Amino acid sequence: MSIRSRINGGYRAEAPPSEQDSVEAIHDQVHTLLGGGGHMSFIDYAGFDPVFFLHHTMIDRCFAMWQVLNPDSFVTPRVAVSDTFTMALGQIQNANSSLTPFYKDRSGNFWSSSDVRDMRIFGYEYPETSNNNAKAREQNVIVAINRLYGPPVSGQIFKRDLDAKSISASGKYREWVANLQMPKSALGAPFSVYIFLGPFNDDPKYWSSDPNLAGQHTTFSRSESLTGNGAISSPPIVTAAIPLTDSFINHISTGDLKSLSVEDVTEWLDSNLSYRIKLLDGTEIYEEDIPDFKISIASAGVKLPDSHEDLPVWGEMMEHLELDENT
Numbered sequence: 001m002s003i004r005s006r007i008n009g010g011y012r013a014e015a016p017p018s019e020q021d022s023v024e025a026i027h028d029q030v031h032t033l034l035g036g037g038g039h040m041s042f043i044d045y046a047g048f049d050p051v052f053f054l055h056h057t058m059i060d061r062c063f064a065m066w067q068v069l070n071p072d073s074f075v076t077p078r079v080a081v082s083d084t085f086t087m088a089l090g091q092i093q094n095a096n097s098s099l100t101p102f103y104k105d106r107s108g109n110f111w112s113s114s115d116v117r118d119m120r121i122f123g124y125e126y127p128e129t130s131n132n133n134a135k136a137r138e139q140n141v142i143v144a145i146n147r148l149y150g151p152p153v154s155g156q157i158f159k160r161d162l163d164a165k166s167i168s169a170s171g172k173y174r175e176w177v178a179n180l181q182m183p184k185s186a187l188g189a190p191f192s193v194y195i196f197l198g199p200f201n202d203d204p205k206y207w208s209s210d211p212n213l214a215g216q217h218t219t220f221s222r223s224e225s226l227t228g229n230g231a232i233s234s235p236p237i238v239t240a241a242i243p244l245t246d247s248f249i250n251h252i253s254t255g256d257l258k259s260l261s262v263e264d265v266t267e268w269l270d271s272n273l274s275y276r277i278k279l280l281d282g283t284e285i286y287e288e289d290i291p292d293f294k295i296s297i298a299s300a301g302v303k304l305p306d307s308h309e310d311l312p313v314w315g316e317m318m319e320h321l322e323l324d325e326n327t
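Under UniProt numbering, the first residue of the sequence shown carries the number 1, and numbering increases by one thereafter.
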């Protein structure tokens, strides 16, 4: 799971390549993967599916774990880009803004982000975050992340999957991602972006199961005209990231790709990287139908953890190439 330094799904023009992913992007992807063409895939009906509540509890848990590891990161003031029933276009939203419609008392006061920064005010917590000592709580979260989502301790099995050109004696290797940027409501309905590494079936109904599918991301959206938000200063742009490293490792193991180095990967991608877009009903969509659509490939050097009590250490992420129209 990739939980980086941003929690919402909004796009910031100044955001570096390392900050294109978010908990919200993961949230959207799970909605549509679980829903397919059913309730969970559509904003108007998702809340009627019982799995909706399990899903949002999991997202809350991920957020809680992220907060433990990033205690000094909090709400950054932003200008509202659209009207709502309780907020005007252009109004500044900050940590003390009212989280309508959720009342915190019978006097008509609403909860704010500052009020709920610590979830324990609601009388609950998660196993990974249940320790009053901040340092111990952080260690619990790190161990849980490595156990549940990371490579084996010290990355030994991971290291064996790579050759000497891909990983150094100090345990460093290069992590690769495809960063996506798109208007969330461009098509007035959810749509999926598929990244392929190598030949693939042209028929959209086979894309999800294609052996050369590296990953996909689906927007959880609908037409802005149906939101009741009134005027919108600009269509909301969202970002997401699709990890590519595991797919590259598979191609290294078969001899298709030499290593994870920048030189080897960028050269190999020239003839092996493709993407496609479709609606949930299988209709293929082309990039020209989605203004401001962008896919870029980026990488960063990563130091593998030496024990289950350490997290990987990421270096600066650099952008290497941008995909042309329906490559």
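C-beta atoms are modelled at their ideal positions from N, C-alpha and C, and glycine is treated no differently.
Predicted model, so just to flag it, every value in this text is computed and none were measured.
>> Which same chain residues end up closer than 8 Å to ASP281 when comparing Cβ atoms and leaving out the 5 residues on each side of it in sequence?
In response: In the sequence shown, the residue the question calls residue 281 occupies position 281. Cβ within range, chain order: GLY37.
> Apart from the five residues on each side of it in sequence, which residues of its chain come closer than 6 Å, Cβ to Cβ, to GLY215?
Replying inline: Here residue 215 refers to the residue found at position 215 of the sequence shown. Closer than 6 Å at Cβ, skipping near neighbours: ILE195 and ILE242.
> I think GLY315 touches ALA298, with their Cβ atoms under 8 Å apart; what is that distance to the nearest whole Å?
Replying inline: What you label residue 315 is simply residue 315 of the sequence shown in a count that begins at 1. What you label residue 298 is simply residue 298 of the sequence shown in a count that begins at 1. That pair is no contact at about 12 Å.
> Between SER41 and PRO183, is the Cβ-Cβ spacing less than 8 Å?
Replying inline: Stepping through the sequence shown from its first residue, residue 41 is reached at position 41. Stepping through the sequence shown from its first residue, residue 183 is reached at position 183. No; because the gap between Cβ atoms is not below 8 Å, this pair is not in contact.
> Using a Cβ-Cβ cut-off of 7 Å (strictly less than) and excluding sequence neighbours within five positions of VAL177, which residues of its own chain qualify?
Replying inline: Reading the sequence shown from its first residue, position 177 is the one you call residue 177. These residues qualify, in order along the chain: ALA241, ILE242, PRO243, LEU244 and ALA298.
>> Within 8 Å, do at least three Cβ pairs link the region 288-295 to the region 200-213?
In response: no
> Per the contact definition of three or more C-beta pairs closer than 8 Å, is the region 19-31 in contact with the region 48-64?
Replying inline: yes
>> Within the continuous beta strand (DSSP E) that includes residue 332, where are the two ends?
In response: Any property of residue 332 remains undetermined from this structure, which presents the chain solely from 1 to 327.
> Exposed or buried, which one is ASN146 when buried takes at least 16 other CB atoms within 10 Å?
Replying inline: Taking the first residue of the sequence shown as position 1, residue 146 is located at position 146. So ASN146 counts as buried.
> Enumerated in chain order, which unbroken segments of the beta strand (DSSP E) with a length of 3 residues or greater are wholly contained in the region 208-275?
Replying inline: 213-218 and 237-243
> At which residues does the alpha helix (DSSP H) containing residue 337 begin and terminate?
Replying inline: Because the chain spans 1 through 327 in this model, residue 337 falls outside it and cannot be assessed.
> Between which two residues does the beta strand (DSSP E) harbouring HIS55 extend?
Replying inline: Taking the first residue of the sequence shown as position 1, residue 55 is located at position 55. Segment 51-69 is the alpha helix (DSSP H) holding HIS55; no beta strand (DSSP E) there.
>> On the DSSP letters alone, give me the boundaries of the beta strand (DSSP E) that GLN181 sits inside.
In response: As a first step, residue 181 is located in the sequence shown; it is residue number 181 there, counting from the start. 172-183 is the span of the beta strand (DSSP E), which, as asked, contains GLN181.
>> The beta strand (DSSP E) that contains GLU319, what's its start and end?
In response: The residue you call residue 319 lines up with position 319 of the sequence shown. First-last of the beta strand (DSSP E) with GLU319: 318-322.
>> On the CB-based measure, 16 or more other CB atoms within 10 Å of its CB, does ILE43 come out buried or exposed?
In response: In the sequence shown, the residue the question calls residue 43 occupies position 43. It counts as exposed.
> Got a sec, what are the start and stop residues for the alpha helix (DSSP H) VAL23 sits in?
Replying inline: Here residue 23 refers to the residue found at position 23 when the sequence shown is read from its first residue. 23-35 is the span of the alpha helix (DSSP H), which, as asked, contains VAL23.
> In or out: ARG137 buried (at least 16 other Cβ within 10 Å) or exposed?
Replying inline: Here the question's residue 137 lines up with position 137 in the sequence shown. Buried, since its Cβ has 16 or more Cβ neighbours within 10 Å.
> Name the DSSP bridge partner or partners of PHE110?
Replying inline: Residue 110 sits at position 110 when you count from the first residue of the sequence shown. For PHE110, which the question treats as bridged, DSSP gives the partners TYR103.
> Taking Cβ positions, are LEU99 and SER82 nearer each other than 8 Å?
Replying inline: Position 99 of the sequence shown, counted from the first residue, corresponds to residue 99. Position 82 of the sequence shown, counted from the first residue, corresponds to residue 82. Cβ atoms of LEU99 and SER82: not closer than 8 Å.
> Tell me which same chain residues have a C-beta within less than 6 Å of the C-beta of GLU322, skipping the five on either side of it?
Replying inline: Residue mapping note: residue 322 aligns to position 322 of the sequence shown, counting from 1. Excluding sequence neighbours, GLU322 sits near SER296.
>> Going by DSSP in three states, SER307 sits in which element: helix, strand or coil?
In response: Along the sequence shown, one-based indexing puts residue 307 at 307. Correct three-state label for SER307: coil.
> How about HIS39: is its Cβ closer than 7 Å to a heavy atom in the ligand ZN?
Replying inline: As for the ligand ZN, it is missing from this structure, which has no ligand bound.
> Are the beta-carbon atoms of ARG276 and GLU284 separated by less than 8 Å?
Replying inline: Here residue 276 refers to the residue found at position 276 of the sequence shown. Here residue 284 refers to the residue found at position 284 of the sequence shown. Yes, they are a contact pair.
>> On the DSSP bridge list, what partners appear for GLU284?
In response: Translated into the one-based positions of the sequence shown, residue 284 becomes position 284. Answer is LYS278, bridged to GLU284.
>> Looking only at its chain, what residues have a beta carbon closer than 8 Å to the beta carbon of PHE248, apart from the 5 residues adjacent to it on each side?
In response: Taking the first residue of the sequence shown as position 1, residue 248 is located at position 248. Correct list, in chain order: TRP176, LEU197, LEU257, LEU260 and VAL265.
>> Using only CA atoms, which one of ASN96, GLY188 and VAL262 lies nearest to PHE110?
In response: Counting from one through the sequence shown, the residue named residue 110 turns up at place 110. The shortest Cα separation from PHE110 among ASN96, GLY188 and VAL262 belongs to ASN96.
>> So ILE92 and VAL79 are supposed to be a Cβ contact under 8 Å. How far apart are they, rounded?
In response: In the sequence shown, residue 92 corresponds to position 92, counting from 1. In the sequence shown, residue 79 corresponds to position 79, counting from 1. About 6 Å separates the two Cβ atoms, so the contact holds.
> Among all the DSSP beta bridges, which residues are the ones paired with VAL313?
Replying inline: Within the sequence shown, the letter at position 313 stands for residue 313. DSSP lists LYS303 as partners of VAL313.
> Looking only at DSSP bridge pairs, what is GLN93 linked to?
Replying inline: Residue mapping note: residue 93 aligns to position 93 of the sequence shown, counting from 1. GLN93 pairs with ARG78.
>> At the level of alpha carbons, what is the spacing between residue 343 and VAL262?
In response: Since the first residue of the chain shown is 1 and the last is 327, residue 343 is not available in this structure.
> Among residues of its own chain, excluding the 5 on either side of ARG222, which ones have a beta-carbon nearer than 6 Å to its beta-carbon?
Replying inline: The residue labelled residue 222 in the question sits at position 222 within the sequence shown. Excluding sequence neighbours, ARG222 sits near ILE43.
>> Do SER274 and PHE200 count as a contact pair if the criterion is CB distance below 8 Å?
In response: Position 200 of the sequence shown, counted from the start, is the residue given in the question as residue 200. Position 274 of the sequence shown, counted from the start, is the residue given in the question as residue 274. The answer is yes: Cβ separation under 8 Å.
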